[in-house]
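Reading through the structure tokens given below for one structure.
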Amino acid sequence: PTRRSSDLLSSGQDITDRKEAEEQIERLSRFPSEDPAPIFRVGKDGKLIYANHSAEPLLVEWGTKVDQEAPDFLRDLAAKVLGSGRIVEDVELAHEGKTFSFTVAPVIKDHYANFYGVDITDRKRIEQDLRLNELTLANMNEGVNLVEGESGTIVYTNPKFEQMFGYEQGEMRGKNISVLNAPIDKPPEEIVWEVNAELEKKGVWRGEVHNIRKDGTLFWTHATVSKFSHPDYGTVMASI
Numbered sequence: 019p020t021r022r023s024s025d026l027l028s029s030g031q032d033i034t035d036r037k038e039a040e041e042q043i044e045r046l047s048r049f050p051s052e053d054p055a056p057i058f059r060v061g062k063d064g065k066l067i068y069a070n071h072s073a074e075p076l077l078v079e080w081g082t083k084v085d086q087e088a089p090d091f092l093r094d095l096a097a098k099v100l101g102s103g104r105i106v107e108d109v110e111l112a113h114e115g116k117t118f119s120f121t122v123a124p125v126i127k128d129h130y131a132n133f134y135g136v137d138i139t140d141r142k143r144i145e146q147d148l149r150l151n152e153l154t155l156a157n158m159n160e161g162v163n164l165v166e167g168e169s170g171t172i173v174y175t176n177p178k179f180e181q182m183f184g185y186e187q188g189e190m191r192g193k194n195i196s197v198l199n200a201p202i203d204k205p206p207e208e209i210v211w212e213v214n215a216e217l218e219k220k221g222v223w224r225g226e227v228h229n230i231r232k233d234g235t236l237f238w239t240h241a242t243v244s245k246f247s248h249p250d251y252g253t254v255m256a257s258i
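Per the numbering used here: the sequence shown = residues 19 to 258.
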């Protein structure tokens with residue numbers, strides 16, 4: 019008997035869908051082996067069940083192979099997530115100058131835990147640079163502050179700057195920079211315009227500023243002001 023064209027079309031569509039599904043499964047099965055970050059699997063019995071190519075240098079360092087005992091700390095992590103049924107994140111491991119952050123996910127029904135690594139070397143380096151910068155600013159003998167270019171709001175002050183003006187830690191943030199300027203004949207807007215004009219022309223402004231402390235004491239400072247783009251605050255003016 020002959021099949022109707024609609025039946026043939028349906029059959030053809032079924033085959034197409036099946037082939038697409040099979041190709042998708044094949045792509046997913048290749049994913050761990052092709053991932054540039056280390057991925058491995060530890061069983062409930064503490065054995066290393068699987069490791070992709072990117073994980074092999076770590077296995078060499080740990081002195082183990084697939085189908086052998088995993089290092090104690092991996093076995094402990096696997097036991098922990100399998101016991102709790104909860105994912106553990108941000109497990110950091112270092113290897114040959116690189117730092118990896120692992121997410122450990124339990125697969126309860128199959129009695130193993132998957133370890134998914136991400137290379138965070140650059141992020142760690144940036145964090146270290148930021149900590150170094152913060153430490154440097156905190157220990158400078160000069161007062162430093164950052165002011166939003168548009169609003170004139172103080173967004174950062176180092177301890178020396180706070181001490182110089184008689185404020186507690188963090189107390190100056192959110193205030194307008196005008197609260198630090200001693201009363202003069204010129205309006206604050208005109209002073210800001212003059213400083214901005216010099217910054218646009220030369221990239222830096224230097225001069226003496228008549229200031230006022232929190233307790234009302236007047237004093238003079240010599241300031242160096244520059245302008246740059248900050249990732250959080252937009253255009254800011256940095257004063258030393």
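Positions of the beta carbon are idealized from the N, C-alpha and C atoms, including for glycine. Here the structure is a predicted model, which means the values were calculated and not measured.
Contact check for ALA97 against SER72 fails: the beta carbons are separated by 7 Å or more. One Cα belongs to GLY167, the other to ASN214, and the distance between them is close to 9 Å. Remark: C-beta atoms of ALA200 and LEU236 approach each other more closely than 7 Å. By the neighbour-count definition (other C-beta atoms within 10 Å, threshold 16), GLY234 is an exposed residue. Just so you know, the alpha carbons of GLY103 and ASP63 end up roughly 16 Å apart. Note that the C-beta distance between GLY170 and ASN132 is not below 7 Å.
The C-alpha of GLY252 lies about 20 Å from the C-alpha of ILE144. At a Cβ-Cβ threshold of 7 Å, ASN229 and LEU198 count as neighbours. In the structure shown, MET255 falls within a strand segment according to DSSP collapsed to helix, strand and coil. In its chain, beyond the 5 residues on either side, GLY161, VAL162, ASN163 have a beta carbon closer than 7 Å to the beta carbon of PHE179. Checking the DSSP bridge columns, you'll see ILE172 partnered with VAL165. The secondary-structure analysis by DSSP pairs ASN199 across a beta bridge with ASN229.
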